[in-house]
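In our numbering, the protein residues as written are 755 to 970.
Glycine residues also receive a C-beta, built at the ideal position from the N, C-alpha and C atoms.
Down below is the structure, laid out as structure tokens.
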Amino acid sequence: MKNLFVWDFHGVLEKDNEFAVKEVVNNVLPIFGIDRKATVKECLDLYGKKWADYYRYFAPDKDEDTIHNMVEKAVEYSVGKKVASKYIKPMDHAHAVLKQIEDAGHMNIIMSNSNPGALDYFLDSVDMSSIFRYKYAADRHRKNSHEKNSKELWLNRFLEKKSDFQKIVVIDDSPAGIEMGRKLGAVTYHFNRYDSHPKSGADYKISDLREILKEI
């Protein structure tokens with residue numbers, strides 16, 4: 755029987771997006787009268803958060819309607835200027851690991867907080883568009899986004915239709931993603947390329963994607 759590998763995208767299969775985030779944030783802040791600049795370190799510290807959380811951090815005095823408008827501007831600028839494609843690269847060993855999993859007869863799927871169009875754009879930017887037959891974009895950056903656990907609900911529905919997996923392996927860089935995997939009884943890998951993992955109950959904490967290959 756084959757195994758199912760459930761991947762997060764940002765911070766796991768790609769690297770250097772923090773530089774794209776910095777450019778976007780620093781383009782949006784002055785539009786709303788905020789005279790400060792985000793640093794790469796701040797963007798790394800906030801990594802994995804929604805756009806709204808970034809702007810709550812950089813503009814704590816702004817109300818939620820303004821935060822929503824800032825998010826809209828961020829998405830408009832990011833997609834319109836194709837900012838990510840200037841910066842992001844495949845994570846070290848990502849292509850090789852994905853290929854070895856597929857060649858061994860297992861399945862890779864991907865889930866992201868991005869909207870469907872953005873996820874396709876991100877995957878194309880790192881030459882991964884053809885790798886994932888199944889993908890889910892939760893669109894968590896919208897003001898009225900799907901329910902908080904929409905990724906978990908989607909994955910449960912997916913598994914109801916495809917129940918022939920011997921093992922589920924979840925690879926994520928956020929405690930929330932790890933918790934989702936634990937609820938599903940998955941083997942969980944908390945990935946952080948800098949080896950500075952936030953607290954989580956992951957089975958394994960790794961900084962090299964090749965460590966996942968022991969699951970095949």
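Between the CA atoms of residue j and residue i - distance to the nearest angstrom
| i | j | result |
| --- | --- | --- |
| lysine 889 | serine 866 | 8 Å |
| valine 825 | alanine 891 | 17 Å |
| glutamate 965 | valine 760 | 15 Å |
| lysine 959 | asparagine 781 | 35 Å |
| serine 884 | aspartate 815 | 43 Å |
| glutamate 906 | phenylalanine 886 | 18 Å |
| tyrosine 808 | leucine 800 | 7 Å |
| threonine 820 | glutamate 777 | 20 Å |
| glutamate 914 | lysine 937 | 15 Å |
| isoleucine 828 | histidine 951 | The sequence as given places alanine at residue 828; isoleucine does not occur at that position. Using only the alpha carbons, I get a separation of about 27 Å. |
| serine 839 | leucine 963 | 22 Å |
| proline 929 | leucine 877 | 23 Å |
Of the residues the options, the one placed nearest residue i, counting alpha carbons only
| i | options | result |
| --- | --- | --- |
| valine 766 | Asp957, His944, Leu967 | His944 |
| valine 779 | Asp799, Phe812, Ala930, Glu906 | Phe812 |
| aspartate 949 | Leu938, Gly939, Ser961, Ala940 | Ser961 |
| glutamate 768 | Ile885, Ile922, Ile842 | Ile842 |
| alanine 774 | Pro784, Arg810, Lys836, Phe786 | Lys836 |
| glycine 802 | Gly834, Asp762, Glu818 | Asp762 |
Residues near residue i in its chain [Cβ-Cβ closer than 8 Å; skip 5 each side]
| i | result |
| --- | --- |
| isoleucine 932 | Val924, Asp926, Thr942, His944, Ser954, Gly955, Ala956 |
| aspartate 918 | Met755, Lys756 |
| proline 844 | Leu767, Glu768, Lys769, Val880, Asp881, Met882 |
| leucine 909 | Val760, Met865, Tyr890, Met934, Leu938 |
Span of the beta strand (DSSP E) around residue i
| i | result |
| --- | --- |
| threonine 820 | Not the beta strand (DSSP E): threonine 820 falls in the alpha helix (DSSP H), residues 818 to 834. |
| leucine 767 | Where leucine 767 is concerned, there is no enclosing beta strand (DSSP E), given that its DSSP letter is neither H nor E. |
| valine 794 | No beta strand (DSSP E) holds valine 794; the alpha helix (DSSP H) holding it covers 794 to 799. |
| lysine 756 | 756 to 762 |
| lysine 959 | 958 to 960 |
| phenylalanine 945 | 941 to 945 |
Near the ligand HEM: residue i beta-carbon under 7 Å from a heavy atom
| i | result |
| --- | --- |
| lysine 756 | As far as ligands go, the structure on display features none, and thus does not contain the ligand HEM. |
Contacting residues, own chain, Cβ-Cβ under 7 Å from residue i (five flanking each side not counted)
| i | result |
| --- | --- |
| isoleucine 855 | Phe759, Asn862, Ile970 |
| serine 798 | A small correction: the amino acid at residue 798 is leucine; serine does not occupy that position in the sequence shown. Around leucine 798: Glu772. |
| arginine 911 | none |
| leucine 967 | Val851, Gln854 |
Boundaries (first-last residue) of the alpha helix (DSSP H) holding residue i
| i | result |
| --- | --- |
| phenylalanine 812 | 805 to 812 |
| isoleucine 932 | 929 to 937 |
| tyrosine 841 | 838 to 841 |
Cutoff 6 Å; reference residue i; Cβ partners in own chain excluding five residues on either side
| i | result |
| --- | --- |
| isoleucine 788 | Ala813 |
### Task
Enumerate, from N- to C-terminal direction, the unbroken alpha helix (DSSP H) stretches of 4 or more residues contained entirely within the region 852 to 922.
Fully contained in the region 852 to 922 are the following alpha helix (DSSP H) runs of length 4 or more, in chain order: 870 to 879, 904 to 915.
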